Amino acid sequence: MLAYKPALYMLGTKRKNDDAGLEALRTENAALRTRLEALEAALPRASAINIAAVCSIRPGRPLVEPIGQVTALEQQDTTIDHFAGIEEPVDWRAAMQKDTWPVPALEDREHYFPGQDLDYWLSGLRDYKRMCQELEKVGSPLKKGDRIFDFGAASGRVLRHFLAQHPEPLELACADVNENHVAWVAQHLPQIEATQCHSIPSLPYEDNRFDLVSAFSVFTHMDEWETTWLAELRRILKPGGYAWLTVQTEQTWATLNPDHFLFQHLYNNRHILKEGTVNAEMFAAPMPKDKVVFTFSNNVVYNTCTFQSIEYCRRVWGRYFEVVDFLPRGSDFQDVFLLRKRAEA
Ligand SMILES: C[S@@+](CC[C@H](N)C(=O)[O-])C[C@H]1O[C@@H](n2cnc3c(N)ncnc32)[C@H](O)[C@@H]1O
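Right, dumping it as structure tokens:
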């Protein structure tokens with residue numbers, strides 16, 4: 013067991029915001045993968061699975077050229093009512109003029125909104141607006157210089173709007189297991205501090221650093237590290253700071269009819285599920301457990317689709333945070349828990 017520790021400790025401890033740094037990280041990751049493969053071959057099956065589960069660095073590939081500037085999307089159509097939960101009218105055309113950063117290609121944005129670049133951009137604007145709205149409602153609007161951390165940020169779908177739209181400057185940071193996402197943010201949104209993390213919760217930030225942490229559709233891909241990540245996010249939040257975490261609850265479960273893209277994703281990949289299956293009947297019935305995890309056998313991290321019941325989150329997540337609010341469909345088809353770090357935590 014001792015043999016792999018030095019390699020693990022190399023990761024998650026450095027910021028990699030320049031080309032040389034990213035290249036060094038790739039080399040380290042390649043070396044780590046080689047060592048893991050050797051360990052997996054040498055160890056009994058159970059130990060090998062444990063090691064693979066904690067390591068989790070995704071291989072890189074060249075980034076794809078961004079599709080262009082935001083203002084070029086003005087000509088595209090949208091049919092989605094993005095701003096349904098936003099109480100103030102949103103002039104998104106005016107917002108576009110403020111965003112001078114490129115829009116990631118499909119491959120570099122988690123394949124979100126294929127062929128609908130405008131909807132991709134608007135979805136991030138919606139999440140930014142909704143967070144600002146709800147923080148104001150609880151009497152904690154963002155202040156100049158506030159520090160915001162987006163966990164599992166991909167290529168900055170939401171965080172870019174804090175940069176472009178917020179009237180006062182903020183300190184923005186993010187982390188992701190996917191080195192391509194980190195590289196994309198470092199290259200195209202350099203005002204945001206991007207860090208590659210691995211799936212062992214161990215962010216390179218001091219305690220009590222951030223005013224707000226968010227995670228959009230990240231706890232929806234967690235299994236055994238869920239509560240450890242809650243503790244880690246709590247650690248880096250200031251006492252009284254807020255966490256905005258999206259979840260798939262029994263409400264989401266009930267919406268998964270065969271036309272839903274998430275149903276289709278699960279159904280089309282049912283042959284690589286580690287156990288169980290997917291069919292329309294199961295989503296027509298109530299969620300069978302407090303926490304349902306679909307695990308795919310295609311890689312060692314970010315290979316799950318997770319549903320947690322509202323009661324489970326209130327009970328289990330409530331041990332780590334004060335539950336301030338629950339917002340059904342607070343982020344598109346996912347629900348949101350607005351949490352606060354207790355002052356004494
Ligand atoms: C469904 S995507 C959501 C991306 C982004 N938050 C958004 O809403 O556009 C999940 C993201 O979380 C990242 N991720 C998954 N598991 C992670 C983990 N354990 N630690 C950090 N990032 C993780 C993935 O690489 C991916 O970028």
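Under my numbering, the residue at position 4 of the sequence shown is numbered 16, and the numbers go up by one with no gaps. Glycine included, each C-beta is placed from N, C-alpha and C at the ideal position. Please read all numbers here as calculations on a predicted model, not as lab measurements.
- Between the beta-carbon of L118 and that of P126 there is about 6 Å, and that keeps the pair under the 8 Å contact cut.
- By the Cβ-count criterion, K149 is exposed, with fewer than 16 other Cβ atoms from all chains shown falling within 10 Å of its own Cβ.
- Judged by the Cβ position, V82 fails to qualify as a neighbour of ligand 1 at the 7 Å threshold, every heavy atom of the ligand being at least this far.
- Between P78 and V115, the gap from beta carbon to beta carbon is short of 8 Å.
- Residues of the same chain with a CB within less than 7 Å of the CB of Q263, apart from the 5 flanking positions on each side, are P340, D347 in chain order.
- The segment 181-192 and the segment 98-117 do not touch, with fewer than three beta-carbon pairs separated by less than 8 Å.
- Taking a cut-off of 8 Å on C-beta distances, the segment 192-203 does not touch the segment 280-287, as fewer than three cross pairs fall below it.
- Looking at the DSSP output, L184 shares a beta bridge with I160.
- Between ligand 1 and the CB of C209, the shortest heavy atom gap is smaller than 7 Å.
- Look at H233: its beta carbon is less than 7 Å from one of the heavy atoms in ligand 1.
- In the DSSP annotation of this structure, the continuous segment of the alpha helix (DSSP H) that includes L147 starts and ends at 129-149.
- For F319, the three-state secondary structure derived from DSSP is strand.
- With contacts defined as CB atoms closer than 8 Å, M294 and S321 fail to qualify as a contacting pair.
- Counting C-beta atoms within 10 angstroms of its own C-beta, Q208 has 16 or more neighbours from the protein chains shown and is therefore classed as buried.
- Contact between K155 and I98 does not hold, since their C-beta atoms are separated by about 21 Å, which reaches or exceeds 8 Å.
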